[in-house]
């Protein structure tokens with residue numbers, strides 16, 4: 002804040018967090034240069050003499066960058082590498098991404114850095130891994146962690162088994178007369194998968210048993226509890242475990 006006579010001038014950052022620098026020059030028309038008073042910042046009332054004016058400095062605190070989103074394990078490359086990918090966040094001063102890794106539920110540690118939105122990691126059979134990504138700006142500010150992705154490579158199938166419980170969907174959809182419903186289970190436990198009509202009435206129980214961790218699928222033949230074919234229309238299927246439930250929609254067409 003700089004007072005000039007009965008007026009004051011204030012320097013503030015713009016909406017883009019940018020500031021300008023103004024230089025005040027006293028010309029020959031100024032009757033008394035010593036009649037000019039100013040101070041910086043506003044609460045600093047120590048006056049300075051314009052004749053001895055030096056430099057006004059200010060600082061700007063950099064913003065924390067956004068975290069990467071949609072982090073996922075894409076596929077196995079040549080049966081030796083896992084491809085990890087994520088979306089590029091909205092940021093104008095990206096420096097790099099930090100990749101944090103946890104093995105066998107251990108502590109997360111900084112594993113590597115990259116400037117792209119994909120990273121290839123050599124996998125180890127029958128060992129659980131988890132990772133998250135952070136964004137680092139050119140000012141050295143680091144974002145909050147992304148979502149954590151976990152997986153395990155199972156020797157028997159040589160495929161990644163996601164450590165997440167999820168209802169993946171059904172195919173085909175719409176369908177006639179049958180459709181396959183796929184889901185994954187994070188840990189061993191009781192699982193139910195049931196079909197309901199649009200009124201919420203139970204049509205058929207497809208799964209009601211203990212499932213082991215991994216990918217699963219079941220076929221619904223379009224019949225109800227009485228083993229009669231259902232009518233065309235919208236149906237819902239619900240996956241439920243002790244601590245999870247998810248519902249999706251499917252359409253029967255005849």
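Residue numbers (the working numbering): 2 to 255. Beta carbons are placed, not taken as given, at the ideal position from N, Cα and C, and that holds for glycine.
In this structure, DSSP gives residue 251 an extended state, which the three-state scheme calls strand. Look at residue 243 here: in three-state DSSP terms it is coil, with no helix or strand label. Cβ atoms of residue 219 and residue 203 stay farther apart than 8 Å, at about 16 Å.
Per DSSP, reduced to three states, the secondary structure at residue 92 is coil, with no helix or strand assignment.
For residue 206, the secondary structure class from DSSP, reduced to helix, strand or coil, is strand. Rounded to the nearest angstrom, the Cβ distance from residue 196 to residue 205 is 5 Å, consistent with a contact under 8 Å. With respect to residue 83, residue 74 sits close: the two C-beta atoms are nearer than 8 Å.
Contact between residue 102 and residue 177 does not hold, since their C-beta atoms are separated by about 46 Å, which reaches or exceeds 8 Å. The Cβ atoms of residue 99 and residue 62 lie no closer than 8 Å to each other. Its chain contains 67 as the residues whose beta carbon lies nearer than 8 Å to that of residue 91, once the 5 sequence neighbours on both sides are disregarded; these appear in chain order. With a contact defined as Cβ atoms closer than 8 Å, residue 88 and residue 137 miss out at about 16 Å.
The beta-carbon separation of residue 213 and residue 185, rounded to 11 Å, does not stay under the 8 Å limit for a contact. For the pair residue 191 and residue 244, the CB atoms are not nearer than the 8 Å cut-off. Residues 131 and 133 of the same chain have their beta carbon placed closer than 6 Å to that of residue 149, with the five preceding and five following residues left out of the count. Under the 10 Å beta carbon count, residue 223 is surrounded by 16 or more other beta carbons and is classified as buried.
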